[in-house]
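In our numbering, the protein residues as written are 753 to 980.
Where a beta carbon is used, it is the ideal one built from N, C-alpha and C, also for glycine.
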């Protein structure tokens, strides 16, 4: 069975569109660590599927089509290598500003000043960052040793919108937590505590139990996070 010129052209157009879309995504999102990794993974999956399609077409096509597909496959691989090279360029040899500490591809800053949760978040934003979102155990371990012992620092976790429903400032739900015993307790019903809608991390405690909820107006230090 031979593939028609229309079918070959359609495959070519699909490949070109897919590569262009992936290329645009990588260029526009190279500073987004998690999104970049996701895109790279999707590209690998797409390439596997494309290779399978091209192999199937080659087996069914006549000699001229085989030559064309072979050349187009080489072109496809060259473009793909270029995309990954661009990705590598934008993610390698990055560094953090003075005073920030790097972990993975991310920079962290423990504030010198103290203030409310909102003040801390605004300070982070002014620095092109935001309050830290803890999305791995490794990051939790790193942050648990970032500040001197017994330091309380705001993190980007709150239940301001719905009491008892804790969410990160990026909108993601809390799936893995490291609350201290009997926390969060929203002040334990003590009217002097008020609403405790913001979370902080405390160094010097057990790594898996060093979060606590506190009034968002309390004066603590804070931890900012941004891509390197």
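Query: Anticipated Cβ contact below 8 Å, residue 906 with residue 872, distance rounded; Result: 5 Å
Query: Residue 963 beta carbon less than 9 Å from that of residue 953; Result: yes
Query: Residue span of the beta strand (DSSP E) that contains residue 853, given as start and end; Result: 853-855
Query: Neighbourhood of residue 855 by C-beta, 6 Å cutoff - its chain only, sequence neighbours within 5 removed; Result: 894
Query: Distance CB(residue 731)-CB(residue 969) smaller than 9 Å; Result: The question about residue 731 has no answer, for the chain in this structure spans 753 to 980.
Query: For residue 903 and residue 973, believed in contact at Cβ under 8 Å, the rounded distance; Result: 6 Å
Query: Straight-line gap, residue 971 to residue 802 (C-alpha atoms, nearest Å); Result: 56 Å
Query: Ranges of the beta strand (DSSP E) found wholly within the stretch 843-914, counting only runs of at least 3; Result: 853-855, 858-862, 904-910
Query: Chain-order list of residues whose beta-carbon lies under 7 Å from that of residue 851 (same chain, five-residue window excluded); Result: 861
Query: Boundaries of the beta strand (DSSP E) in which residue 953 is found, first to last residue; Result: 950-954
Query: Residue closest to residue 858, alpha-carbon to alpha-carbon, out of 864, 882, 924; Result: 882
Query: Residue environment, residue 878, which counts as buried when at least 16 other CB atoms sit within 10 Å; Result: exposed
Query: Rounded straight-line distance, which links the Cα of residue 887 to that of residue 928; Result: 8 Å
Query: Span of the beta strand (DSSP E) around residue 974; Result: 973-979
Query: Endpoints, the beta strand (DSSP E) within which residue 932 is located; Result: Looking at the DSSP string, residue 932 is not in any beta strand (DSSP E), and its letter there is neither H nor E.
Query: Spatial distance of residue 896 from residue 960 (CA atoms); Result: 9 Å
Query: Residues bridged to residue 966 (per DSSP); Result: 950
Query: Distance, residue 804 Cα to residue 874 Cα; Result: 50 Å
Query: Distance between residue 911 and residue 889 (C-alpha atoms, nearest Å); Result: 21 Å
Query: Closest by C-alpha distance to residue 991, when choosing among 939, 930, 914; Result: Absent from the structure is residue 991, since the part of the chain shown begins at 753 and ends at 980.
Query: Candidates 948, 980, 978: closest to residue 1006 by CA position; Result: With the chain running from 753 to 980 in the structure shown, residue 1006 is simply not present.
Query: 6 Å CB neighbourhood of residue 853 in its chain, flanking five on each side removed; Result: 860
Query: Cβ-Cβ distance between residue 898 and residue 950 below 9 Å; Result: no
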